[in-house]
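Residue 1 is where the sequence shown starts when you use full-length UniProt numbering, and the numbers rise one by one after that. Beta carbons: idealized from backbone N, C-alpha and C, even for Gly.
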Amino acid sequence: MNHKFIVAIGYSEGGLEPLLTFFDHVPHDHATYIILRHIPVGQRGVLTEVLQRHSKLEIKEAMDGMLIERDIVYVPPSNSYLLIKDDQFYLQPRVVEWSNYNYSINCFLKSLAEAKASRSIAVILSGSGIDGAAGVIDIHKAGGMVIIQNPASCAYPEMPANAIQTGCVDKILEDSEMPETITKHVHAILEREKNKTQPTT
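Now the structure itself:
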């Protein structure tokens, strides 16, 4: 049985700064991190380089069929929807570039909820639009955790606000507070499972 926790971080406009602050505080904590942001061709390397300056974890590009590892940050490829099944990435091409209906965050969160259930964690940072709202419902129904950036501190509060309106949000936090909350959540689940497996006297 695979015990990896997967943290999916969705953002759009105004989300890069809180994303970097988030990774300034991320430890090695038994989790995998996946960035959910459409990256135009030619700009993926720039994001990887910037992230590496803020993250203690290795940064990799997610590729079709790739096995997901723990304590890695995955950056999505350009022009593809990223999905997960059986701890592997799968890519689906985007049919229309820059479409208003390219809801890549929702698509991944739905597949994550199905694949990881209570080991899925969704984070929504600054951004405009409604992408992510349907996805956090899927994560919540699967028993996962949903964390939203405080809209008051967002340059573009629409995505976090729409997620909050679903009623499926567990925590509303500042970007710097999120990693510690995730670590405590992961450790609490692992501790509960450890106690369940210990023989009673």
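Local Cβ density within 10 Å of residue 197, reported as buried at 16 or more and exposed below that: Within the sequence shown, residue 197 is the residue found at index 197, counting from 1. With fewer than 16 other Cβ atoms within 10 Å, it is exposed.
Residue 50 - DSSP class collapsed to helix/strand/coil: In the sequence shown, residue 50 corresponds to position 50, counting from 1. Residue 50 falls in the helix class under three-state DSSP.
3 or more residues per run - each beta strand (DSSP E) lying fully within the stretch 77–124: Here the runs fully enclosed are 80–85, 88–93 and 120–124.
Given residue 12 as reference, the closest of 36, 118 and 24 once Cα atoms are compared: Along the sequence shown, read from residue 1 onward, the residue named residue 12 stands at position 12. Ranking the options by Cα distance to residue 12, first place goes to 36.
Residue 179 vs residue 18 beta-carbon contact at 8 Å: Within the sequence shown, numbered from 1, the residue matching residue 179 stands at position 179. Within the sequence shown, numbered from 1, the residue matching residue 18 stands at position 18. Not closer than 8 Å, so no.
Three-way DSSP call (helix, strand, coil) for residue 65 in this model: Here residue 65 refers to the residue found at position 65 when the sequence shown is read from its first residue. Correct three-state label for residue 65: coil.
Straight-line Cα distance separating residue 23 from residue 9: Stepping through the sequence shown from its first residue, residue 9 is reached at position 9. Stepping through the sequence shown from its first residue, residue 23 is reached at position 23. For residue 9 and residue 23, the distance between alpha carbons rounds to 11 Å.
Cβ pair residue 192, residue 6 closer than 8 Å: As a working mapping, residue 192 is identified with position 192 in the sequence shown. As a working mapping, residue 6 is identified with position 6 in the sequence shown. No, these two residues do not count as a Cβ contact at 8 Å.
Rounded separation between residue 117 and residue 144 - CA only: Walking along the sequence shown from the start, residue 117 turns up at place 117. Walking along the sequence shown from the start, residue 144 turns up at place 144. Approximately 6 Å, taken between the alpha carbons.
Extent of the continuous beta strand (DSSP E) run through residue 142: For the purposes of this step, residue 142 is identified with residue 142 of the sequence shown, where counting begins at 1. Run containing residue 142: none; DSSP gives neither H nor E here.
Sequence ranges, beta strand (DSSP E) only - wholly within the stretch 138–192, length at least 3: 145–149 and 171–173
Contact belief for residue 135 with residue 109 at Cβ below 8 Å, rounded distance in angstroms: Reading the sequence shown from its first residue, position 135 is the one you call residue 135. Reading the sequence shown from its first residue, position 109 is the one you call residue 109. Residue 135 to residue 109, Cβ: 3 Å. Contact.
Straight-line Cα distance separating residue 167 from residue 70: For the purposes of this step, residue 70 is taken as the residue at position 70 of the sequence shown. For the purposes of this step, residue 167 is taken as the residue at position 167 of the sequence shown. About 30 Å.
Residue 111 beta carbon near the ligand GDP (any heavy atom closer than 7 Å): Absent from the structure shown: the ligand GDP. Ligands present: none.
Straight-line Cα distance separating residue 73 from residue 142: Taking the first residue of the sequence shown as position 1, residue 142 is located at position 142. Taking the first residue of the sequence shown as position 1, residue 73 is located at position 73. When rounded, the distance between both Cα atoms is 23 Å.
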